[in-house]
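Trainee:
Numbering (this note's numbering), first residue to last: 149 to 256.
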């Protein structure tokens with residue numbers, strides 16, 4: 149794509165600056181609208197602004213992703229600890245049940 153084609157596509161994408169002039173009349177206020185043509189400088193400035201905004205959003209996204217990954221690792225560690233504790237608890241319950249059954253068998 150040539151530079152002129154890119155410029156024309158961007159020109160359609162970027163809205164031109166619109167200025168309104170108010171003029172008093174004897175019957176009230178009439179509004180005259182004047183539209184300025186989009187210049188190449190304005191388009192480049194808006195492209196630069198969009199790129200800067202994109203980079204800022206990308207950086208923020210990367211930071212949030214990193215934070216999420218850290219939290220996910222912490223969650224996984226906590227889940228592992230919980231599973232170990234649950235296993236120990238279940239073993240203790242089984243041991244107590246075995247003791248109760250053994251006592252009942254001995255008392256019979």
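Glycine included, every Cβ here is placed at the ideal spot set by N, Cα and C. Given the structure is predicted, the values throughout are model-derived calculations rather than measurements.
#1: Quick check on residue 187: does DSSP put it in helix, strand or coil?
#2: What number of angstroms, rounded off, separates the C-alpha of residue 216 from the C-alpha of residue 227?
#3: Whole angstroms are fine: how far does the CA of residue 209 sit from the CA of residue 224?
#4: Roughly how many whole angstroms lie between the Cα atoms of residue 213 and residue 243?
#5: Can you grab the Cα-Cα spacing for the pair residue 157 / residue 200, in whole Å?
#6: If you measure from the CB of residue 222, is any heavy atom of the ligand FMN nearer than 6 Å?
Mentor: Looking at the coordinates:
#1: coil
#2: 16 Å
#3: 22 Å
#4: 45 Å
#5: 20 Å
#6: Inclusion of the ligand FMN in the displayed structure is not the case, the ligand content being empty and no account of it being possible.
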